[in-house]
Amino acid sequence: MGAIQALRGTRDILPEEIATWQKVETLAREILGRAAYREIRTPIFELTALFERGIGEATDVVGKEMYSFLDRGERSLTLRPEGTAGVVRAYIENKLQAAGGVQRLWYTGPMFRYERPQAGRQRQFHQIGVEVLGTADPRADVEAIAIASDLLKTLGLQNLHLDLNSVGNTEDRQRYRDALVEYLTPYKDELDQDSQERLTRNPLRILDSKHQRTQEIAQEAPKIWQHLCPESQRHFDRVQALLSELGIPYQLNHRLVRGLDYYTHTAFEIISDDLGAQATVCGGGRYDNLVAQLGGQDTPAVGWAIGLERLIILLQQLHESPKSSLDFYVVSRGDAAEANALLLAQKLRHAGFSVELDFSGSAFGKQFKRADRSGAAACLILGSEEAANRTVQIKWLASQEQIQLSQAELLQKTDELRQQLENFKQ
Ligand code: ATP
Ligand code: MG
89 MGAIQALRGT RDILPEEIAT WQKVETLARE ILGRAAYREI RTPIFELTAL
139 FERGIGEATD VVGKEMYSFL DRGERSLTLR PEGTAGVVRA YIENKLQAAG
189 GVQRLWYTGP MFRYERPQAG RQRQFHQIGV EVLGTADPRA DVEAIAIASD
239 LLKTLGLQNL HLDLNSVGNT EDRQRYRDAL VEYLTPYKDE LDQDSQERLT
289 RNPLRILDSK HQRTQEIAQE APKIWQHLCP ESQRHFDRVQ ALLSELGIPY
339 QLNHRLVRGL DYYTHTAFEI ISDDLGAQAT VCGGGRYDNL VAQLGGQDTP
389 AVGWAIGLER LIILLQQLHE SPKSSLDFYV VSRGDAAEAN ALLLAQKLRH
439 AGFSVELDFS GSAFGKQFKR ADRSGAAACL ILGSEEAANR TVQIKWLASQ
489 EQIQLSQAEL LQKTDELRQQ LENFKQ
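Count along the sequence shown from 1, then add 88; that gives the number in the numbering used here.
Structural data, given as structure tokens:
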């Protein structure tokens, strides 16, 4: 019988890669923590209606990409395709607005979309995202963008650019939608199939079609900027002025509309030049209507999400995999020595050292080879003689220098040991 394999579009993240993932997560925690964002964890599945109402039924995500199913109680549930709808539901349900002021929240975890898997596009993927709820101030948009940009830069990523647009408020968009449909209708037959369908359902999305002829037509389309009311224009201008103030370069892109219906005013993407087709690392924007749309009080908000798989691909291209941090690899042979080694390893761990024990029972030569490969700073050697005398040989793997000392001494000289380990790890 053949072995069962992981589903298409899902991936195991193996121990070799974990250090890279943890580096991203740790740095995100630090950077977001310093900006007073607090972590929130919401369920991975929710009522399907949450996403239909929140993201919008005419979007690709809701129309084609959701993993929805009936549970045993005949409720329609969906594995979350994104994080914002769940966070907003939690914000409303738990009355987080009652605390007053602005709520700065962040989350991380798996998301699920039924898409065609390819490099940087999976069916289960991971995001880190932020949501700032309770302020319409353009400074919140710019602070959020600055934090995303800091995170990516601190990770050492280069060749990134920020695309910026305003999609205005609901009325601006309605006016623009009419103008756009009027412009596009004569070209209807030249548009790709998807775009033809969007012409009535979701015409703004035609602007970000990947189809070449559609793009050419879209390039000449009227721009939303001509339809912004003075207030929307002021918001857009202020965002741009503040980005300049912070020295964050950006380029305006009138075709950036983003896939989800809830955006208002600011829409942005951070795009990598090193990723091929799936190039957007971070996408976000303002969504002033979503909280009310999901049954809460009118609450302006702004947020973004970073796709972690794409980030990891970029980090791997930099060949930066954090090193092993193992302190000791313990080799032993013979019943007494093996029992003694097990005990010594435990005591060293209690003293705060990281210790790997060789279980093979094979000849010392083979165990030494594994010690070399383990990346440990030092090898601890216990034979029957050491076990009988309660001594141990310590061999520093970088210099091959080896000394014998009593086990009691080893456990007493922890400060000195720690210093030596530090020196060897550099
Ligand atoms: P795309 O245009 O690439 O499909 P999107 O607009 O659907 O992206 P968002 O919903 O804004 O993406 O999600 C934010 C980020 O999450 C994206 O910029 C991307 O980095 C990541 N992302 C989205 N879908 C996937 C996926 N299927 N696999 C891996 N990462 C994804
Ligand atoms: Mg998508």
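Each residue gets a CB set at the ideal place from its N, CA and C atoms; glycine is no exception.
Distance between K111 and L102 (C-alpha atoms, nearest Å) | Counting from 1 along the sequence shown, the entry for residue 102 is found at position 14. Counting from 1 along the sequence shown, the entry for residue 111 is found at position 23. The straight-line gap from Cα to Cα measures roughly 15 Å.
What is the residue span of the beta strand (DSSP E) that N253 lies within?
-> Sequence index remark: in the sequence shown, residue 253 carries index 165 (1-based). It spans 248 to 254 - the beta strand (DSSP E) in which N253 sits, taken as one unbroken run.
Among L430, E473, L431, I400, the one whose alpha carbon lies nearest that of E113 = Working through the sequence shown from its first residue, we reach residue 113 at position 25. Considering only alpha carbons, the answer is I400.
Taking only the alpha-carbon atoms, compute the straight-line gap between L416 and T196 and give it to the nearest angstrom.
-> Residue 416 sits at position 328 when you count from the first residue of the sequence shown. Residue 196 sits at position 108 when you count from the first residue of the sequence shown. The question names Leu, yet the displayed sequence has Phe at residue 416. Looking at the two C-alpha atoms, the distance is approximately 33 Å.
Along the chain, which unbroken stretches of the alpha helix (DSSP H) at least 4 residues long are found entirely within the region 301 to 346?
-> 318 to 333
For the beta strand (DSSP E) holding T196, just list the boundary residues, first then last.
-> Position 108 of the sequence shown, counted from the start, is the residue given in the question as residue 196. T196 -> beta strand (DSSP E) spans 191 to 200.
Closer than 6 Å: is that where the CB of F200 sits relative to any heavy atom of the ligand ATP?
-> Taking the sequence shown and counting its residues from 1, the one referred to as residue 200 is at position 112. It does not: the Cβ of F200 is nowhere closer than 6 Å to a heavy atom of the ligand ATP.
Would you call S413 buried or exposed, if buried means 16 or more other Cβ atoms sit within 10 Å of its Cβ?
-> The residue labelled residue 413 in the question sits at position 325 within the sequence shown. S413 is exposed by the Cβ-count criterion.
Measuring alpha carbon to alpha carbon, tell me which of L493, E104, G391 ends up nearest T352.
-> Counting from one through the sequence shown, the residue named residue 352 turns up at place 264. The candidate whose alpha carbon is nearest that of T352 is G391.
Return the first residue and the last residue of the beta strand (DSSP E) that H353 is part of.
-> Counting from 1 along the sequence shown, the entry for residue 353 is found at position 265. Per DSSP, H353 belongs to the beta strand (DSSP E) from 352 to 360.
Segment limits, beta strand (DSSP E) that includes R141 = Locating residue 141 in the sequence shown gives position 53, counting from the first residue. Taken as a continuous stretch (DSSP letters only), R141 belongs to no beta strand (DSSP E), being part of the alpha helix (DSSP H) at 136 to 143.
Reducing DSSP to helix, strand and coil, say where E162 ends up.
-> Walking along the sequence shown from the start, residue 162 turns up at place 74. E162: coil per DSSP, three-state reduction.
Distance cut-off 6 Å: E140 Cβ against heavy atoms of the ligand ATP = Residue numbering aside, residue 140 sits at position 52 when the sequence shown is read from its first letter. No; taking the cut-off as 6 Å, the Cβ of E140 has no heavy atom of the ligand ATP nearer than that.
One or two residues paired with Q492 in a DSSP bridge | One-based indexing of the sequence shown puts residue 492 at position 404. DSSP, once it has assigned bridges, lists Q481 as partnering Q492.
On a CA-only basis, which of L509, L250, T368 is nearest G463? Give me that one, please.
-> As a working mapping, residue 463 is identified with position 375 in the sequence shown. Checked all of L509, L250, T368; the closest Cα to G463 is L509.
Cα-Cα separation, Q490 to D362 | Translated into the one-based positions of the sequence shown, residue 490 becomes position 402. Translated into the one-based positions of the sequence shown, residue 362 becomes position 274. Their Cα atoms are separated by approximately 47 Å.
Under the three-state reduction of DSSP, which class applies to R374: helix, strand or coil?
-> As a working mapping, residue 374 is identified with position 286 in the sequence shown. Looking at R374 - three-state DSSP - the assignment turns out to be strand.
Which residues in the same chain as S494 place their Cβ atom closer than 7 Å to its Cβ, once the five residues preceding and following it in sequence are excluded?
-> Residue numbering aside, residue 494 sits at position 406 when the sequence shown is read from its first letter. So the list reads R478, T479, once near-sequence residues are dropped.
Rounded separation between Q141 and L120 - CA only = Sequence index remark: in the sequence shown, residue 141 carries index 53 (1-based). Sequence index remark: in the sequence shown, residue 120 carries index 32 (1-based). Per the sequence presented here, residue 141 reads as Arg, with Gln not at that position. Distance between the alpha carbons of R141 and L120 is about 29 Å.
Do the CB positions of L248 and L240 come within less than 7 Å of each other?
-> In the sequence shown, the residue the question calls residue 248 occupies position 160. In the sequence shown, the residue the question calls residue 240 occupies position 152. It is a contact, given that the beta carbons lie within the stated cut-off.
Nearest neighbour of L187, chosen from L158, G395, L221 [CA to CA] | For this step, residue 187 is matched to residue 99 along the sequence shown. According to the sequence displayed, residue 187 carries Ala and not Leu. If we check each option's Cα against that of A187, L221 comes out closest.
Within the same chain, show all residues whose beta-carbon is closer than 6 Å to that of I49, passing over the 5 residues directly before and after it, in chain order.
-> Examination of residue 49 is not possible in this model, given that the chain is present from 89 through 514 alone.
Helix, strand or coil for G208 per DSSP?
-> Indexing the sequence shown from 1 puts residue 208 at position 120. Coil.
Say yes only if the C-beta of G371 is nearer than 6 Å to one or more non-hydrogen atoms of the ligand ATP, and no if none qualify.
-> In the sequence shown, residue 371 corresponds to position 283, counting from 1. Yes, the ligand ATP has a heavy atom inside 6 Å of this Cβ.
CA-CA distance, E397 and I106?
-> For the purposes of this step, residue 397 is taken as residue 309 along the sequence shown, with counting starting at 1. For the purposes of this step, residue 106 is taken as residue 18 along the sequence shown, with counting starting at 1. Whole-angstrom Cα-Cα distance: 12 Å.
For the beta strand (DSSP E) holding I469, just list the boundary residues, first then last.
-> Locating residue 469 in the sequence shown gives position 381, counting from the first residue. From DSSP, the beta strand (DSSP E) with I469 extends over 466 to 470.
Report the rounded CA-to-CA distance for A137 versus V149, giving the unit in angstroms.
-> Stepping through the sequence shown from its first residue, residue 137 is reached at position 49. Stepping through the sequence shown from its first residue, residue 149 is reached at position 61. When rounded, the distance between both Cα atoms is 13 Å.
heavy atom of the ligand ATP below 6 Å from R293 C-beta = Position 205 of the sequence shown, counted from the start, is the residue given in the question as residue 293. Because no heavy atom of the ligand ATP lies under 6 Å away, the Cβ of R293 does not count as near it: no.
State the Cα-Cα distance for the pair Q448 and D460, rounded to the nearest angstrom.
-> Residue 448 sits at position 360 when you count from the first residue of the sequence shown. Residue 460 sits at position 372 when you count from the first residue of the sequence shown. A small correction: the amino acid at residue 448 is Ser; Gln does not occupy that position in the sequence shown. Whole-angstrom Cα-Cα distance: 15 Å.
Can you name the residues that DSSP bridges to Q381?
-> Position 293 of the sequence shown, counted from the first residue, corresponds to residue 381. Per DSSP, none; premise fails for Q381.
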